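Written out as structure tokens, the structure is:
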């Protein structure tokens, strides 16, 4: 999983970084809403003798079909190796062939220049050309400090703000706020639709507003929504539908901030090694929170979980205000020069 974002970042032309980040999030949201819709047909009672239990077998086999397609795609349709690896091992012609899959053939050299600077590059160009750096460089050299910190904190913060946990346990959460099983399933599908709609709208928001502004607006919204849900759960008798509306609003804020905007910002500010390290910790965070949430909910209650998520959203908000900088209107070279110079001057 950590290889995929690094490979995508290597292949993506600089001017398309924002659009590709949005497409990644849209693909993820489409996958979630598809699984939610398929889940509506699954048996949820009398699981020992229900004649439709075989549908669960079909659902388990379905990911295997997708894996077979990926094998076919990576061996027949796109049988190319990582361009950074090819260049590091002196396979210049094969790297050009790889880039020709994305660039027009006559512009394949542009992809090469993103990874290895020609002799005509200035000192600043060489400073920001960090694709030949090793993981040891990224972890130990001072100039990568801020870049790595941004990747780590935003990746972990995406999950401590409830991104994947709210999706994984959406049906259970809708039950916990007072809905029945069928209510929870239907509202989970609606939540997925809200996420998908929000990620599509972000395409236009990214053109109009800065990345930092969208991240901060979304973080404020998510923190307040979780706090509101906790207070509603503890001190009011509102219907499950009212509480569900707050959850839908949460997914709206999430989709415009720690969704496409997050991927666009990470792709602009960080090099492939930082992205890979950050995404690996992102997945570790998913694993830990997925394990901790049901235990916390069962022993401390759903309102306690909402208070905790609100606090973690607020902590990430403070970090975003202090640490991250605006990238709107800057080229990727200007952005990475800025982040590396900021690290050097710390």
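Numbering (UniProt numbering), first residue to last: 1 to 346.
Glycine included, every Cβ here is placed at the ideal spot set by N, Cα and C.
Everything numeric in this text was worked out from a predicted model, so none of it was measured.
Item to check | Span of the alpha helix (DSSP H) around residue 135 | outcome: 135-140
Item to check | residue 118 in three-state terms, based on DSSP | outcome: The pLDDT assigned to residue 118 is 48, lower than 50, so where the model puts this residue is not dependable, and the model offers no usable value.
Item to check | Pairwise C-alpha distance: residue 245 and residue 170 | outcome: 13 Å
Checklist entry - Skipping 5 residues on each side, what residues in its chain have a beta carbon closer than 6 Å to that of residue 42? => result 55
Checklist entry - residue 219 lies in the alpha helix (DSSP H); which residues open and close that run? => result 211-235
Checklist entry - Taking just the CA atoms, how far does residue 110 sit from residue 119? => result Interpretation of residue 119 is limited by its pLDDT of 47, a score under 50 that renders its predicted location unreliable; no figure is taken from the coordinates.
Checklist entry - Alpha carbon to alpha carbon, how far is residue 142 from residue 59? => result 48 Å
Checklist entry - If you check the beta carbons only, do residue 88 and residue 10 fall under 9 Å apart? => result no
Checklist entry - Whose CA, out of 144, 264 and 283, lies closest to the CA of residue 21? => result 264
Next on the checklist: Buried or exposed, going by whether 16 or more other CB atoms sit within 10 Å of the CB of residue 146?
Outcome noted: buried
Next on the checklist: Going by DSSP in three states, residue 160 sits in which element: helix, strand or coil?
Outcome noted: helix
Item to check | Closest residue to residue 301 among 30, 178, 8 and 3 (Cα-Cα distance) | outcome: 178
Item to check | Neighbourhood of residue 80 by C-beta, 8 Å cutoff - its chain only, sequence neighbours within 5 removed | outcome: 94, 97, 98 and 101
Checklist entry - What is the residue span of the alpha helix (DSSP H) that residue 98 lies within? => result 92-99
Checklist entry - Taking the alpha-carbon positions, what's the residue 121 to residue 104 distance? => result In this prediction, residue 121 has a pLDDT of 49, which is less than 50 and means its spatial position is unreliable; what the coordinates show is noted afterwards. Residue 121 and residue 104: Cα-Cα distance of roughly 23 Å.
Checklist entry - How big is the Cα-Cα spacing for residue 53 and residue 134? => result 50 Å
Next on the checklist: So residue 222 and residue 253 are supposed to be a Cβ contact under 8 Å. How far apart are they, rounded?
Outcome noted: 5 Å
Next on the checklist: Measuring straight from C-alpha to C-alpha, what distance separates residue 165 and residue 158?
Outcome noted: 10 Å
Next on the checklist: Tell me which residue opens and which closes the alpha helix (DSSP H) that residue 286 is part of.
Outcome noted: 272-300
Checklist entry - Which value, in whole angstroms, describes the spacing of the CA atoms of residue 199 and residue 238? => result 29 Å
Item to check | Simplified DSSP assignment, three categories, for residue 75 | outcome: helix
Next on the checklist: Short of 6 Å in beta carbon distance, which residues of its chain neighbour residue 32, apart from the five on each side in sequence? Order them along the chain.
Outcome noted: 167 and 192
Next on the checklist: Give me, in chain order, the residues of the same chain whose beta-carbon lies closer than 6 Å to that of residue 309; leave out the 5 immediate sequence neighbours on both sides.
Outcome noted: 162 and 226
Next on the checklist: For residue 202, tell me which candidate among 23, 284, 15 and 287 has the shortest Cα-Cα distance.
Outcome noted: 23
Item to check | Residues of its chain near residue 326, where Cβ-Cβ distance is below 7 Å and the 5 sequence neighbours each way are ignored | outcome: 210, 211 and 212
Checklist entry - When we look at the beta-carbon of residue 255 and count the other beta-carbons within 10 Å, is it buried (16 or more) or exposed? => result buried
Next on the checklist: Considering just the uninterrupted stretch of the alpha helix (DSSP H) at residue 198, what are its terminal residues?
Outcome noted: 181-208
Checklist entry - With 16 as the cutoff for other CB atoms within 10 Å, does residue 51 come out buried or exposed? => result exposed
Next on the checklist: Is the separation between the beta-carbon of residue 156 and that of residue 271 shorter than 9 Å?
Outcome noted: no
Checklist entry - alpha helix (DSSP H) containing residue 11: first to last residue? => result 3-11
Checklist entry - Between residue 29 and the rest of its own chain, which residues show a CB-CB distance below 6 Å, the 5 nearest in sequence each way excluded? => result 195, 196 and 199
Checklist entry - Is the beta carbon of residue 4 sitting closer than 9 Å to the one on residue 273? => result no
Next on the checklist: Just to confirm the assignment, what range does the alpha helix (DSSP H) spanning residue 250 have?
Outcome noted: 240-256
Next on the checklist: If you measure between the beta carbons of residue 320 and residue 185, is that distance less than 9 Å?
Outcome noted: no
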